[in-house]
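Here's the structure we're looking at; comments come further down.
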Amino acid sequence: MEHLDATTVISQIFTGTVSGMMLVLMALGLTLIFGVMNVVNFAHGALYMVGAYFFFFTLQKVGNFWVALILVPVLVGSVGLLIERILMRPLYVRPEEDPILMTFGLTYIFMEAMRMYFGKIGLAVDTPASLSSAVNLGLFYFPSYMIFAVVCAMLAIFGLWMFQEKTDVGLIVRAGSRDSVMVRVLGLDFNRVRLLSFSIGTALAGLAGALSAPIRGVIPEMGAPVLPQAFVVVVVGGKGSFWGTVASGLLVGIVTAVTSLWYPSWAEVVVYFLMAVVLLVRPMGLFGRE
Amino acid sequence: MRKMSGKWLGRSLSLAVVALVTLIAATGANAAPAKPIVVGIISGFSGPYAAPAEDQWRATVLAAEEMNAKGGLLGRQIKVVRRDDKINPGEAGKMVQDMIQNDHPDFILGTNFAGTILPVNDQAKKAGIPYIAIAQNDKITTASDRGPYTFHEAVTPTINGTALGDWIARNMGKKIYYLMADYAFGKDNYASMSKAAAKAGATEVGLAYFPVGTTDFTPFIAKVRAAKADVVVCAAFGNDAVNLLKQIQSFELTKVSKFFFPVADLQFDMAIGFKNLQGTYGGANFYWELAEKDPAAKRFVDSFRKKYGVPPSGYAGYAYSAMQLIRMGAEKAKTIEPAKWSKALEGIQYDSYKGKEWIRACDHQAFQPLFVVKGRTQAEAEKAGKAQFGYREIVGVVAASESTERTCKELGYK
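In order, the protein sequence lines correspond to chains A and B.
Numbered by the working numbering, the letters in the first sequence go through residues 775 to 1064 in order.
Numbered by the working numbering, the letters in the second sequence go through residues 3 to 416 in order.
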């Protein structure tokens, strides 16, 4: 094994944290949608990619990084709104695999659409001037944009938690994910809960895509490796555990990053071993109940 | 009755012959345009390297127009046709066959990608048509692969790596880290560059291969930073290069080491942008600012810019120079008959667009100067009055030398 000093490993743990936070955003959206609608959203990776492209596009049109960053989750959330209302709703009465197949098909539609409109070559998104330098962390320099991306993700995660725990609508969403029949019996409009949950979930994927764009570039296939990783995060963290998902997202990000220091080609595989071990030892996930 | 009709037939026939002969003579004297000389270019006009391919096409068209304006070549006009190989070796072979059958090219040029050169060469060789390769490939000049009328106007990866590896070790620093793409491009460059650099006294402080399509370069960046190399050679291409450059800049690594990319070109610079290029180094077969120093480059850059509004890239340079090879061979041999044309070019010296070049007789390889370019900041480019295309400045010229290539014997020639 190649010898590497502690500084190198620590700096890689930092970059693992950044990609981990993006996975957390993805996984929380997936969990929210799955919890409320019992649908595994296979289009989640594609919506992450759409977020990155929307970010490139709005940045070009609006010219302001901050405005674009706020607009993109709203835009992707609106796409989610339309998907739920038009495509998903008629499928609730159908067998479970129908909505899964539909979202799977959407992935290809989104990917081809972006290829047709933006071309097959990757696009580069510049960081704003105020965030394009690196910060001296004592041991090493770290890009200020990456720190910013982590802070942004943390704010979004905290905001989602506040919404779910402290607002009445959030309470209904949580109730819906525990027992949707009871929610309907109580006379609540469950269709609206589903619409809102799907939209918030997709907005989170869009935000993750936008935040990742300046770091990793924008290509039509960018969602493909992220989606299975987000699934792993959900499984490892434990279904239905909010902070468990956050912790497992960071774990997956850091494990991937540190592995890639020694074995770059193993980095993407090692998380599946992690998942297998967790499933064998704690089938409910690291932080899952029951 | 019989006799009469026989006489009549004979008379009318001879009349018809006279009429026909007169007709042919008349039209022949007036128009009978000499058949044009057809030059076919095959390249990756679709896909990720479409922009460089278009630039090759522009230069080919420009060269043809210039020659036609002077009355053509050997009194014949030049017609150019093109085919898209989709940077796919199978498609390249098929498209050349299609071109040969339908357009009957006298000369073939191409491609823009190492992997499509040999299939094009195979078909041209089979059909006995001269082929001038205008992208890097190490096998095209070997005795086993090269056709009798095949020429290589681009440098080989061996020449590129050897010339630049030596220059880096002599001018940029002795501690070198190699960060290479994990396929032929990276491996070939590593082999030739590290050998030449070591010969010039450099030491290798690290070597890492990254998979093609890597988006997260941070693990490599962490290692590169720890190695504290003078120079980091990065064999990265296309999207890989964009992502790697972005991450080098965001970690401010250019303050720690000098970064050197063995293949730099204006067409890629335009996509990568000032912000990502600034302070990094590259090796190039041509850079348009050479026009300020070299009269041949000035002629080429000025006419290209006048016609297309942008300066030519290195890809355009290769294509333009290949067209001049066609012209020089034909003018010297006074024919485009392949064997005589080809013989006329062996050992020829020329200066078409960037300084003195020559064709080595044994392998038909063009030996030529290469350039080391350094990325400017946007502010520096504005100050130099080149805000639009001044991504780089020329900081070094590597003179042409046959010592950078394998010997004729090593390539399999007697």
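The C-beta atom is built at its ideal place from N, Cα and C for all residues, glycine as well.
- Secondary structure note for D304 (chain B): its alpha helix (DSSP H) is the uninterrupted segment P297 to Y310.
- The region 931-943 of chain A makes no contact with the region 901-915 of chain A, as fewer than three CB pairs between them are under 8 Å.
- For I807 (chain A), the enclosing alpha helix (DSSP H) starts and ends at A780 to M811.
- G167 (chain B) has its alpha-carbon roughly 6 Å from the corresponding atom of S196 (chain B).
- Within chain B, T220, P221 and A224 have C-beta atoms less than 7 Å from the C-beta of Q786 (chain A), given in sequence order.
- Here G983 (chain A) is buried: its Cβ has 16 or more other Cβ atoms, across all protein chains shown, within 10 Å.
- Using beta-carbon distances, F914 (chain A) counts as an interface residue toward chain B, with a partner under 8 Å.
- The contact set of P50 (chain B) on chain A, defined by CB atoms closer than 7 Å, consists of K894 and I895 in chain order.
- DSSP places G1018 (chain A) inside the alpha helix (DSSP H), whose first and last residues are F1016 to W1036.
- Sequence-ordered contacts of the region 277-296 of chain B with chain A read K277 and N278 [C-beta pairs closer than 8 Å].
- Across the set A:T976, A:V967 and A:F937, the C-alpha of A:T976 shows the shortest separation from the C-alpha of L1001 (chain A).
- Residues of chain B with a Cβ closer than 7 Å to the Cβ of P1038 (chain A) are, in chain order, F212, P213 and P221.
- Rounded to the nearest angstrom, the gap between the Cα atoms of L969 (chain A) and G281 (chain B) is 50 Å.
- Cβ-Cβ distances below 6 Å link D147 (chain B) to K141 in the same chain, with the five nearest sequence neighbours on each side left out; the list follows chain order.
- Sequence-distant Cβ neighbours of R85 (chain B) in its own chain, meaning closer than 6 Å and more than five residues away, are I44, M97 and M101.
- Secondary structure note for L372 (chain B): its beta strand (DSSP E) is the uninterrupted segment L372 to G377.
- Apart from the 5 residues on each side of it in sequence, L833 (chain A) sits with its Cβ closer than 7 Å to the Cβ of F839, A842 and V899 in its chain, given in chain order.
- Going by C-alpha positions, A318 (chain B) is about 14 Å away from R301 (chain B).
- The DSSP-derived three-state label of R948 (chain A) is helix.
- The closest CA to that of R958 (chain A), considering only A:D779, A:L778, A:V810 and A:A1041, is found on A:V810.
- If only complete runs of 4 or more residues are kept, the region 94-143 of chain B shows the alpha helix (DSSP H) at 116-129, in order along the chain.
- With contacts defined by Cβ atoms closer than 8 Å, V824 (chain A) and G896 (chain A) do not form a contacting pair.
- Under the three-pair Cβ rule at 8 Å, the region 172-180 of chain B counts as touching the region 190-209 of chain B.
- Residues of chain A whose Cβ lies closer than 8 Å to the Cβ of A228 (chain B) are, in chain order, L778, D779, T781 and T782.
- With respect to the 8 Å criterion, F187 (chain B) and F239 (chain B) are classified as neighbours on the basis of their beta carbons.
- Put simply, of B:Q103, B:K225, B:G163 and B:A126 the residue whose alpha carbon is nearest the alpha carbon of K201 (chain B) is B:G163.
- At least one C-beta of chain A is nearer than 8 Å to the C-beta of N245 (chain B).
- Inclusion of H366 (chain B) and H106 (chain B) in the CB contact set at 8 Å is not warranted, their separation being larger than that value.
- Identification of chain B residues near L978 (chain A) by a Cβ-Cβ cut-off of 7 Å yields none; the smallest Cβ-Cβ distance measures about 20 Å.
- In the DSSP annotation of this structure, the continuous segment of the beta strand (DSSP E) that includes N910 (chain A) starts and ends at A908 to N910.
- In the DSSP assignment, W360 (chain B) falls within the beta strand (DSSP E) that extends over E359 to I361.
- At least one C-beta of chain A is nearer than 8 Å to the C-beta of K248 (chain B).
- Under a 10 Å Cβ-count criterion, Q125 (chain B) is classified as buried, with 16 or more other Cβ atoms of the shown protein chains found around its own Cβ.
- Secondary structure of Y322 (chain B) (DSSP, three-state): helix.
- At a cut-off of 8 Å between beta-carbon atoms, S45 (chain B) makes no contact with chain A.
- Taking I131 (chain B) as reference, the option from B:N191, B:N278 and B:P340 with the minimal CA-CA separation is B:P340.
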